[in-house]
Amino acid sequence: MNLSPFNLQADACYRAWRAAKLASQPATAQDLVVDVADPRSLSPAEKQALLARCATANMVIYRSTVLGEDKNIPRALGRQLGLHQLDGNWLADEDGISPIAVSLVPGERPAFIPYTNRPIKWHTDGYYQPPERNIRGMVLHCVRAAVQGGISALMDHDMAYIALRDANPAWVRALMQPDAMTIPERLDDDGMARAAQSGPVFSVDAASGALHMRYTARTRSVLWRDDAVTRAAVAFLERLLASDCAPVFRLQLQPGMGLLCNNVLHDRSGFADDPQHPRLLYRARYLDRVSEPTLPSASAGAMV
68 MNLSPFNLQA
78 DACYRAWRAA
88 KLASQPATAQ
98 DLVVDVADPR
108 SLSPAEKQAL
118 LARCATANMV
128 IYRSTVLGED
138 KNIPRALGRQ
148 LGLHQLDGNW
158 LADEDGISPI
168 AVSLVPGERP
178 AFIPYTNRPI
188 KWHTDGYYQP
198 PERNIRGMVL
208 HCVRAAVQGG
218 ISALMDHDMA
228 YIALRDANPA
238 WVRALMQPDA
248 MTIPERLDDD
258 GMARAAQSGP
268 VFSVDAASGA
278 LHMRYTARTR
288 SVLWRDDAVT
298 RAAVAFLERL
308 LASDCAPVFR
318 LQLQPGMGLL
328 CNNVLHDRSG
338 FADDPQHPRL
348 LYRARYLDRV
358 SEPTLPSASA
368 GAMV
């Protein structure tokens, strides 16, 4: 038998994993925060503290006094924590990192909510991508905060899985179907910009054995598998994310702070900008999960 805790037949394995997960959960957003002197050059103790938070909660908030408009901050931080495969999505800059700010320039970016000051509903990043390009890790680094609002809400997707499985394992089974959620094709002036993409909400990462989630709370441009159990599962998940009882952490990232995570569920409240100092975050999305970096072998080094 497959002894993964995410195998619905391996109940004892799930129970052991669940108990360990719940016992190690942070209680408040402050419990996620790790102070670092310079995210571009972590000390061994800082790196281990960041990895430890991610191991228990799939996320950590780093806080530093390193300010400034420097894309190398999230890139260098990620590199020290096993994040190397940047996802160069079409709205990112040429270096693969997206400046998240209100776009006032006519064109493509203002058509997408992250580049406005409007609230963003619950989602995981890259929910519209094919399985071979799953977004597993992410760094969201704050350069400038909004003058009001722009609050991030965060929820470990493992905790969403536990809530669903405890309530009704059939709901988990439905959300693991390969056609559970379909994102329709996206068209532009030249025709099809992106083909329709179907896939599960919950899946198990083949390399790590960890749980992966793709989800959006959008009601437009998303098609759910048309059966009663899937509809019930989606409705439960919506209620969970809207509930005050859910294990949700809320905070406003301040300059020098950032989110490092294994693509957890997140949303963002609407905000008001200071026109002279508008909100700016750098988003780096990766095909990797956060992990202890592996050192190159001697033989590999000799080949370089």
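Mapping the sequence shown onto my numbering, position 58 (from 1) lands on 125, and the numbers just tick up by one. Where is the CB? At the ideal position from N, CA and C, for every residue including glycine.
Item: Three or more C-beta pairs below 8 Å linking the stretch 134-154 and the stretch 350-358; Value: yes
Item: Through-space distance from ALA351 to ALA119, alpha-carbon basis; Value: 21 Å
Item: Rounded C-alpha distance that separates CYS209 from PHE303; Value: 32 Å
Item: Proximal residues to THR132 (C-beta, below 7 Å), its chain only, five neighbours per side dropped; Value: GLY323
Item: Among ALA143, GLN97, TRP84 and ASP246, nearest to TYR282 - alpha-carbon criterion; Value: ASP246
Item: C-alpha gap between ARG392 and VAL169, whole angstroms; Value: Because the chain is modelled from 68 through 371, residue 392 falls outside the range shown and cannot be assessed.
Item: Residues near VAL214 by beta carbon distance below 7 Å, same chain, minus five either side; Value: ALA339, ASP340 and ASP341
Item: Own chain residues within Cβ distance below 8 Å of ALA87, not counting five before or after; Value: none
Item: Local conformation of CYS209 per DSSP, three classes; Value: strand
Item: Option nearest ALA295 by Cα separation, candidates ARG200, SER270 and LEU242; Value: LEU242
Item: Proximal residues to ASP225 (C-beta, below 8 Å), its chain only, five neighbours per side dropped; Value: LYS88, ASN125 and LEU278
Item: Candidates SER275, ALA262, GLN343 and LEU326, of which the one nearest ILE140 by Cα; Value: LEU326
Item: Nearest-angstrom Cβ-Cβ length linking GLY216 and GLY135, presumed shorter than 8 Å; Value: Not really, about 23 Å apart at Cβ, beyond 8 Å.
Item: Residue environment, LEU70, which counts as buried when at least 16 other CB atoms sit within 10 Å; Value: exposed
Item: DSSP-derived helix/strand/coil call for ARG287; Value: coil
Item: Coil, strand or helix - LEU362 by DSSP; Value: Reliability fails at LEU362, whose pLDDT of 48 lies under 50, so the model's placement of it is uncertain and no value is given.
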